[in-house]
Each structure stands twice: as structure tokens, then as C-alpha cells.
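Chains as they are written, first to last, in this note's numbering: chain A, 2 to 324; chain B, 2 to 324.
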């Protein structure tokens, strides 16, 4: 008899520069985790081979065979067709459009593979083992270089009809007068609430000739980071406080509008920007309260992600366990 | 042996002034439908009794017994706890908060009952037999006196953690400078895209001393309706065209943002305002295209509801069939 509980899952989080791998038990606990560089040369043709080799080497190292493994779950940086495991729009990996990632990785590893979008995997990870704490209605928003999202309703990921659900970074915050976004639209949340967006706003204000700590840092270093904005705001810099106030307003409105639509148990904020802590979270929660429908405000909680970089591999393993 | 396919479902759509009832077969086809007035006197204590009596009388009339019926599905005008069938906030029916609607109706009818919010039932109806055409990811937006919504993901209604998912009318369209909403917030979509919101905007413009067909109608009748705004816009009235342009902008942004989050196969617009046709739909679709993420724009379609007032009873019957 096969005892599933003694078998392992493999979680893979495929990024543009590194690929994270983990062996994870049936209860979502990470047993081994490691990273390999992502080789996106030659139209990305080595990516799946390198993952297969990395898994084989680790199994050998542990003196185990593939019988130990139930399957591989993998998060990819782009919209995914969950049924076919085909990945769209992954220019930064070198792949051509509609790349049959699942099929290729199955051939290379002789293991069953399930693919999903990386932001969706992070959301599933937080649902299973992180801030979601088992919540069956959960929205994860990753505030990093860009803004990503994953939506879970009734305990399952919402993929959307073409795999593009969770594009929370491209919610329009400013219908007119906004900054251009990489996606081709104007005024997206990502142009305001990402690390890049925070720096852009600060830079726009500095260009207007403002003075203070942030201006001093900029004159000294020749550039500024989102962390500089948060650090100087904590010391009372007026420019930085205005940037944070604007960011918190638009993020609060966007999260409230998501919650008015979905009334999730939790909205989990992850990514580098979420590490700013109370200086950002407090005004975001205040604005959320102002713009959420009363019953939604009383029941939907905003929280900070707890799994950090592990969310992706854990959520990918959840897929391998459940799908 | 029980042949489920030969059994019937009862759909009930409970409104503030009338209650719609229907006997519906296993395939969602309405066999008999009728209405009774909703008696909200005496704290609404006669409502469930009247529904039970109406069902008994109709069965008698058809010379049938309750064996023919699988169960009752019912849409109620307020947030609902799906598990317990308790209804919250239904002041206009006379009920106190946390009214045990399911339990009371089961006692009165001796049939199994399932309750959901009326907007959710309308969404399920459109999914099953209407414009949704079986789409498993579907958002319904009802543009009536107010603005209501129902969200379906992965083939099931999204209830939210406290039954308040789908409060699309309370998405904030104007974070500052908006009109007050009945819900206590400011600048909700409902203050712009409902029939009431359209009249309010037109009235605000007329107060500024604009002239034209709409102003003429107002001077003649002493009041105007949303239909007046659409009718005069079709004849080129400038005030009315500006009101529609503003309405279509905010509705387009809100629908695009919902679609950026959920990427549904269809967004179905229902309610009286949706009957305005192309004069509203065309600019809404244009704005949607402008504010939706490219992949979402290519895959999410905006459509007009087809079931009209029958959506609620059909969706309620779907619940009785499937839950």
C-alpha cells in the first residue's frame, strides 16, 4: 500500500534570474530547499533540463529514488493555461509564446507536473502555511519591483478565462493624469505602489525642487530607493511622507474595491515594499476602512505575508498535492 | 427508484414589494411562474407563511403533492450566511437582524430550503440559462435603482467571508469629491451608474443652468428619469451626453478593474439601466478596453443580461438543484 503521507512534493519557483527548488512533505513543511541560476540563453531551452538535473542530483545526494515523489508543482512568471501547462508571455526567460512547460518538464523528469502563475503559487502558499492560515477566501498582493496578485475564492485559485486573473498591479488607480505603465496602460496601481512607483513619485517631487533628508540622500548618492523613502519618512521628511500618503491612498482604495467585490477573509501583502511595516500599513488600513463597504470593512482583514521567498515553492507543492 | 430529472425545483425571488415564485424543471425551464405581494407589516412575520401558502395552493391547483418537489431555492435582498440560511440587514422587509429565513421557511413548507443573496441568484440564473451561457467565470452587475452584483468563479458563487462579496455598487469611483451614497460612503459606483445616480448627475448639471431637451423636459414635468436622459441623449442633448459620458467612464473603469482582478469570461449587465442599449454600452465597452490589462481585454466580454426578471428565480432553482 502506498502511504501518501510519507511521500514528498517538489515545489519549483521559476524566476528570471534564479530558480528556487524545495522538497516539501505532505503537510507543507520544507525539508530541503536550494536554488539554481535560471539559464535564459538559447531561447531558454536549458531551463527544464537544468531543473531535472538539479532534482536528480538532490535525490542522489539523499540516496532516494523518484518513488518518493508525488509530483512537481511549479510557479512560472507569466499567465498560464492550468489545463495544458502552457505558459504565455515569458519574454524574460527567452521562451517563445505558448511554451509547453508542463509537457517538457514531464518528459525531462518522468514525474507529473502542474504549472501555475508565480503570484498564484505565492497566494496558495500563504493560504496553506502562511498569513492566510487556512482562509478559503484570500487575496495576496505582492508589492515588489512590480505589483502582482493571486486571488483565492472558495479554497481554490481563480485563474480567469485566459489565466489573467490576479492582475492587481494593473488595476487603474488614476483614470487620467497617471504615469505610463510597462503594460502599455496609464495610471496602473503598479506605477504607484511598487518599489519602482514609489521611487518615481519621490523623484517627481524632488525634481520640483523640494529639500530635506530625501533630497540630501539623492544629492549624495545620485539615486534613491523605496527603502530610502520609508527611512526618511520615519525621520519626518516631508517629501517622503507625501509620497507614502499618496501611495497609501491609492493602495487603500484598490484593496477596498477588491474587498467590496470579493469580501475575502484576508488580504495578504507581500514583497519588499510590504516590509516597510507600520509607516505604510497604518495609512493603507485607514484608507481601506474609509473606502470599504461597512460589512466588508468589519470582516476583511489586511495582513502582512509571513512566508517571504518560500511562499512560491510551498504554494507550488500545494498544487502538486491537490491537483 | 427516484427519477430526479422528472422532479421540479421551486425558485423564489423575495423583493421588498413583490415575491416572485416559479416551478422550474431539472433543466432550468420555467413551467409556472406567478407573484404574490410581500407583506412586510408586523416585522415581516407573514412573509414565510404567505410563501408556503402560495406554494401549497399552486400544487393543489395542479393536482400535485410535495413529492414532486426537490426543494426551494430563494434569493433574499441582503447579505446571507449560506450555511445557516440566516439573512442580515433586511430593514425593508421588517425583519430584525440575523433573521433565520431558511429554518422558518423549512418549518412552514416541510421542504429543504437554500437561501442566497438576490444578486447572487440573478448571477447564477444568467450563468445557467442566460447571457452567461454556461461560463464558469462570470460577473453580473445589475444597474437598477441601486447597483448590485454577483461574482461566480470556478463555477460557483463567491460569497465572501461574511456574505458581502459582490458589493460592486459600493466600489469607490471617486475617492474625493463624490456624492454621498446610502451606504454611508462617498463616491460609490452606485451614486453614478444607478438610475438614481444618472438622474442625480443630470439634475446637478441642470441646476447649473444648462438648456436643451432635457432641461425642457424637466421644466415641463418637474422631474426627470434615467430614461429621459438616454432618450434626449439619442436626440443629441448635450447635458445628457455629458452625463452618459461620465457614467460610462466610471462604469468602464470599475468593470475593467473587476476584470483585471478576476478575468471572467463574461461581465453581464442587467437591470433597467442596461436596457438603454448602445448609447450606454458602446462607451462603457470603449472605456473598458482602455482600462483593462491587454490579455484581459482580449478575453473578457461585456454582454447584456437576457433573462430579465426571471434570472432570480432560475438562479434560486439552480441552488436548490446543486446545493
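For every residue, glycine included, the Cβ atom is placed at its ideal position computed from N, Cα and C.
Own chain, CB closer than 6 Å to residue i, minus 5 neighbours either side, in chain order
{"i": "residue 14(A)", "result": "21, 76, 313 and 314"}
{"i": "residue 128(A)", "result": "139 and 153"}
{"i": "residue 285(B)", "result": "249, 252 and 253"}
7 Å Cβ shell around residue i - same chain, five flanking residues per side excluded
{"i": "residue 289(B)", "result": "253, 256, 257 and 303"}
{"i": "residue 160(B)", "result": "83 and 166"}
{"i": "residue 130(B)", "result": "29, 308 and 315"}
{"i": "residue 132(B)", "result": "267, 269, 304, 305, 306 and 307"}
Assumed close pair residue i, residue j - CB separation to whole angstroms, cut-off 8 Å
{"i": "residue 200(B)", "j": "residue 225(B)", "result": "6 Å"}
{"i": "residue 322(B)", "j": "residue 10(B)", "result": "6 Å"}
{"i": "residue 296(B)", "j": "residue 165(A)", "result": "4 Å"}
{"i": "residue 70(A)", "j": "residue 51(A)", "result": "With a Cβ gap of about 18 Å, residue 70(A) and residue 51(A) do not count as contacting."}
{"i": "residue 239(B)", "j": "residue 213(B)", "result": "6 Å"}
{"i": "residue 233(B)", "j": "residue 218(B)", "result": "7 Å"}
{"i": "residue 72(B)", "j": "residue 114(B)", "result": "7 Å"}
{"i": "residue 311(A)", "j": "residue 31(A)", "result": "6 Å"}
{"i": "residue 150(B)", "j": "residue 120(B)", "result": "6 Å"}
{"i": "residue 264(A)", "j": "residue 157(B)", "result": "About 15 Å separates the two Cβ atoms, so there is no contact after all."}
{"i": "residue 67(B)", "j": "residue 112(B)", "result": "6 Å"}
{"i": "residue 74(A)", "j": "residue 320(A)", "result": "4 Å"}
{"i": "residue 282(A)", "j": "residue 241(A)", "result": "Residue 282(A) to residue 241(A), Cβ: 16 Å. No contact."}
{"i": "residue 110(B)", "j": "residue 56(B)", "result": "6 Å"}
Exposed unless 16 or more other CB atoms sit within 10 angstroms - verdict on residue i
{"i": "residue 186(A)", "result": "buried"}
{"i": "residue 267(B)", "result": "buried"}
{"i": "residue 86(B)", "result": "buried"}
{"i": "residue 63(B)", "result": "exposed"}
{"i": "residue 260(B)", "result": "buried"}
{"i": "residue 108(A)", "result": "exposed"}
{"i": "residue 205(A)", "result": "exposed"}
{"i": "residue 191(B)", "result": "buried"}
{"i": "residue 6(A)", "result": "exposed"}
{"i": "residue 317(A)", "result": "buried"}
{"i": "residue 208(B)", "result": "exposed"}
{"i": "residue 100(A)", "result": "buried"}
{"i": "residue 65(A)", "result": "exposed"}
{"i": "residue 272(B)", "result": "buried"}
{"i": "residue 223(A)", "result": "exposed"}
{"i": "residue 126(B)", "result": "buried"}
{"i": "residue 123(A)", "result": "buried"}
{"i": "residue 324(A)", "result": "exposed"}
Simplified DSSP assignment, three categories, for residue i
{"i": "residue 306(B)", "result": "coil"}
{"i": "residue 129(A)", "result": "helix"}
{"i": "residue 159(A)", "result": "coil"}
{"i": "residue 137(A)", "result": "coil"}
{"i": "residue 1(B)", "result": "Here chain B covers residues 2 to 324 and nothing more, so residue 1(B) does not appear."}
{"i": "residue 189(A)", "result": "strand"}
{"i": "residue 23(A)", "result": "strand"}
{"i": "residue 36(B)", "result": "strand"}
{"i": "residue 284(B)", "result": "helix"}
{"i": "residue 45(A)", "result": "helix"}
{"i": "residue 225(A)", "result": "coil"}
{"i": "residue 144(B)", "result": "strand"}
{"i": "residue 97(B)", "result": "coil"}
{"i": "residue 110(B)", "result": "helix"}
{"i": "residue 263(B)", "result": "helix"}
{"i": "residue 293(B)", "result": "coil"}
{"i": "residue 197(A)", "result": "helix"}
{"i": "residue 15(A)", "result": "strand"}
{"i": "residue 51(A)", "result": "helix"}
{"i": "residue 301(B)", "result": "coil"}
{"i": "residue 183(B)", "result": "coil"}
{"i": "residue 82(A)", "result": "strand"}
{"i": "residue 77(A)", "result": "strand"}
{"i": "residue 320(A)", "result": "helix"}
{"i": "residue 258(A)", "result": "helix"}
{"i": "residue 150(A)", "result": "strand"}
{"i": "residue 72(B)", "result": "strand"}
Contacting residues, own chain, Cβ-Cβ under 8 Å from residue i (five flanking each side not counted)
{"i": "residue 188(A)", "result": "173, 174, 175, 176, 177, 178, 179, 180 and 182"}
{"i": "residue 80(B)", "result": "88, 89, 90, 118, 163, 164 and 165"}
{"i": "residue 17(B)", "result": "39, 41, 78, 93 and 94"}
{"i": "residue 25(B)", "result": "9, 10, 11, 12, 31, 32, 314, 315 and 318"}
{"i": "residue 34(A)", "result": "21, 22, 23, 24, 311 and 314"}
{"i": "residue 202(B)", "result": "193, 244, 247 and 248"}
Exercise. On the three-pair Cβ rule with 8 Å, is the region 121-136 of chain B touching the region 226-234 of chain A?
Worked result: At 8 Å Cβ cutoff, the stretches do not touch.
For this session: Spell out a yes or no on whether the region 139-149 of chain B and the region 159-173 of chain B are touching, meaning 3 or more CB-CB pairs, one atom from each, closer than 8 Å.
Result: Remark: three or more beta-carbon pairs, one from each stretch, lie closer than 8 Å, so the region 139-149 of chain B and the region 159-173 of chain B are flagged as touching.
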